[in-house]
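**Student:** The sequence shown runs 1 to 440 under the UniProt record's numbering.
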Amino acid sequence: MSRDSLAKVRQQVVIAKLKEMKAEHGLWRTAKRILYFVLVLVAQFALFRLTNWLYRKLKLRISRMKDTRLKAFSIQGYELLDTQRQVNLLTFLANIGRYLFMGLQLLISIPLIFVIFPQTEGLAYQILGYIWNPIRTICMGVVNYIPKLFTIIVIWYSVRYLIRFVLYLSREIESGRLKINGFYPDWAMPTYNIIRFLLYAFMIAMIYPYLPGSSSGVFQGISVFVGLIVSLGSSTVIGNIIAGLVITYMRPFKPGDRIKLNDTVGNIIEKTPLVTRIRTPKNEVVTVPNSFIMSSHTVNYTTSAREYGLIIHTEISIGYDVPWRQVNKMLIEAALNTRGVESEPRPFVLETSLSDWYPIYQINAYIKNADEMARIYSELYENIQDILNEAGIEILSPHYMAVRDGNEKVAPRGEEGNLKPAEKLGREDRPKEAGPTSEK
């Protein structure tokens with residue numbers, strides 16, 4: 001093609017382009033753009049009005065549902081959502097849906113307005129990029145994350161069914177249907193809780209690499225920060241938890257037992273991983289940290305009473321003028337007359353001391369119900385008083401005082417002073433030999 005022909009072709013292209021630009025920016029085209037702009041605004045205004053009208057209609061319908069279709073939502077007797085709260089919740093959700101729908105309308109109408117005018121057409125595509133690029137990125141990320149999500153679901157359900165299997169075994173052991181030598185039934189549920197915790201920890205360790213953003217520095221920094229806070233602020237808590245586990249496997253007591261912990265006597269009403277609660281006979285609830293129990297001595301009255309009988313005992317002092325055999329007999333009779341005292345093994349009496357003025361007797365009796373200790377002691381005291389009063393024996397501790405010559409020694413003198421009482425008595429009963437007599 002010659003230069004003249006090429007020039008004419010280019011000239012025609014330029015002329016056509018100039019005509020197109022003139023038509024594009026002409027009065028008629030500008031009027032059409034303004035008309036489109038007004039139509040978009042009117043349409044958007046109408047859509048706003050329609051959206052508000054629909055919201056009011058929906059709100060009115062929700063209000064009417066209060067007495068017809070809505071019912072209170074309860075969980076185990078607790079009314080979580082009554083009808084008025086449900087109406088408020090549905091109205092709130094409808095209001096959120098209204099604003100979301102209006103926002104979606106603006107996402108369409110604003111770029112459409114910018115596209116109408118050539119001067120702002122590039123800005124419209126830029127705004128559309130700001131809106132749709134993140135949405136596209138999120139959608140692609142969700143699609144790419146599906147294989148990892150499937151792996152997480154498999155791990156979750158595997159651990160879940162494994163925990164259910166462990167729970168089944170624990171319940172069988174606890175009920176006594178499954179017996180393992182050396183493994184007590186009351187260990188079943190605490191052991192299950194430990195295994196469940198370890199399995200969940202193992203599951204989290206396996207799922208962690210598949211979580212979105214797990215390899216980012218921010219995610220790792222948050223993990224380190226949370227771990228530091230837990231390690232610094234939970235030393236006492238962890239100590240109590242460990243002590244609770246040790247107490248569980250030591251089996252010093254179980255809920256319902258009557259125990260004595262230092263100076264506190266009462267029944268165990270609750271045992272948690274952190275604390276143990278004791279109700280005293282005066283209905284005082286004492287909360288004791290498990291770490292304190294580990295460092296204290298505990299007496300379990302219930303276990304002693306159930307297995308081989310708990311021995312209750314009390315001491316009483318009676319004067320030497322009352323024969324000890326009579327005192328023993330009356331104390332045993334008082335014990336047998338007390339409700340809750342076992343006849344076999346039979347109560348027995350110990351003489352614990354021979355003081356200067358009176359002996360001390362200790363009555364011992366077996367009981368099987370440790371929870372009735374206070375009542376049994378009280379009734380035993382009452383029976384001792386009744387029986388001794390009937391026999392005319394005073395419950396007192398006599399003290400004797402004598403006036404003596406301070407110059408007199410108390411050490412034994414002569415041969416008789418070193419004799420035993422029986423030998424001395426034999427000498428006194430022996431007839432005296434006749435001595436020589438003189439005749440007058």
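Ideal Cβ positions, reconstructed from N, Cα and C, are used throughout, including at glycine.
What are the boundary residues of the alpha helix (DSSP H) that residue 158 is part of?
**Tutor:** Counting along the chain, the alpha helix (DSSP H) containing residue 158 begins and ends at 121 to 175.
**Student:** Could you name each continuous alpha helix (DSSP H) segment of 4 residues or more that falls completely within the region 51 to 96, going from the start of the chain to the end?
**Tutor:** Here no run is fully enclosed.
**Student:** With DSSP collapsed to three states, give me the class of residue 319.
**Tutor:** Coil.
**Student:** Do you know offhand how far residue 262's Cα is from residue 145's?
**Tutor:** Using only the alpha carbons, I get a separation of about 59 Å.
**Student:** Tell me residue 348's beta-bridge partners as DSSP assigns them.
**Tutor:** In the DSSP output, where bridge partners are listed per residue, residue 348 has 364.
**Student:** Who are the Cβ neighbours of residue 419 in its own chain at under 6 Å, not counting the five residues just before and after it?
**Tutor:** Note that residue 419 scores a pLDDT of 48, beneath 50, so its modelled location is shaky and nothing firm can be said.
**Student:** How long is the line joining the alpha carbons of residue 215 and residue 162, rounded to whole angstroms?
**Tutor:** Using only the alpha carbons, I get a separation of about 29 Å.
**Student:** For the ligand HEM, is there any heavy atom lying closer than 7 Å to the beta carbon of residue 160?
**Tutor:** This structure lacks the ligand HEM, and indeed carries no ligand of any kind.
**Student:** In the DSSP assignment, find the alpha helix (DSSP H) that holds residue 195 and state where it starts and stops.
**Tutor:** Where residue 195 is concerned, the enclosing alpha helix (DSSP H) stretches over 188 to 207.
**Student:** Taking the alpha carbon of residue 279 as the point to measure from, which residue in 289, 265, 111, 134 has its own alpha carbon closest?
**Tutor:** The candidate whose alpha carbon is nearest that of residue 279 is 265.
**Student:** Output needed for residue 148: all residues of its chain with C-beta closer than 7 Å, excluding positions within five of it in sequence on either side, in chain order.
**Tutor:** These residues qualify, in order along the chain: 210.
**Student:** Does the region 379 to 398 come into contact with the region 320 to 332, if we say contact requires no fewer than three beta-carbon pairs (one atom in each stretch) closer than 8 Å?
**Tutor:** Short answer: they touch.
**Student:** Identify the continuous beta strand (DSSP E) that holds residue 396 and give its terminal residues.
**Tutor:** Premise fails: residue 396 is in no beta strand (DSSP E) and is neither H nor E.
**Student:** Roughly how many angstroms lie between the CA atoms of residue 370 and residue 341, to the nearest whole one?
**Tutor:** Their backbone Cα atoms lie some 11 Å apart in a straight line.
**Student:** Pull up the distance between the alpha-carbon of residue 43 and that of residue 15, whole angstroms please.
**Tutor:** Straight-line Cα distance between these residues: approximately 38 Å.
**Student:** Any idea what DSSP makes of residue 260, helix, strand or coil?
**Tutor:** Here residue 260 sits in strand by DSSP.
**Student:** With which residues is residue 255 paired in a DSSP beta bridge?
**Tutor:** In DSSP, residue 255 forms no bridge with anything.
**Student:** Suppose the cutoff is 6 Å on Cβ atoms and the five residues either side in sequence are ignored; what does the same chain contact list for residue 248 look like?
**Tutor:** Contacts found: 190.
**Student:** Do the region 167 to 180 and the region 127 to 139 meet, that is, are 3 or more Cβ pairs less than 8 Å apart?
**Tutor:** Contact between the region 167 to 180 and the region 127 to 139 is absent, because fewer than three Cβ pairs lie under 8 Å.
**Student:** Give the single residue among 65, 86, 159 whose Cα lies nearest to the Cα of residue 73.
**Tutor:** When each option's Cα is compared against that of residue 73, the closest is 86.
**Student:** Can you name the residues that DSSP bridges to residue 353?
**Tutor:** According to DSSP, residue 353 bridges with 360.
**Student:** According to DSSP, is residue 379 helix, strand or coil?
**Tutor:** It is helical.
**Student:** For residue 106, which option in 311, 51, 352 has the closest C-alpha, if you only look at C-alpha atoms?
**Tutor:** Measuring from the Cα of residue 106, the nearest candidate turns out to be 51.
**Student:** Measure the C-alpha to C-alpha separation of residue 322 and residue 384 and round it to an integer number of angstroms.
**Tutor:** Answer to the nearest angstrom: the Cα atoms are 15 Å apart.
**Student:** Can you check whether the CB of residue 33 is closer than 8 Å to the CB of residue 114?
**Tutor:** No, Cβ-Cβ distance for residue 114 and residue 33 is not below 8 Å.
**Student:** Consult DSSP for residue 179 and reduce its assignment to one of helix, strand or coil.
**Tutor:** Note: residue 179 maps to coil in three-state DSSP.
**Student:** Mind checking whether residue 318 and residue 358 have CB atoms under 8 Å apart?
**Tutor:** Yes, Cβ-Cβ distance for residue 318 and residue 358 is below 8 Å.
**Student:** Identify which residue in 291, 275, 250 has its Cα closest to the Cα of residue 300.
**Tutor:** Here the closest residue by C-alpha is 250.
**Student:** Could you please give the first and the last residue of the uninterrupted alpha helix (DSSP H) stretch that includes residue 327?
**Tutor:** It spans 324 to 336 - the alpha helix (DSSP H) in which residue 327 sits, taken as one unbroken run.
**Student:** First and last residue of the alpha helix (DSSP H) that includes residue 290?
**Tutor:** Residues 290 to 294.
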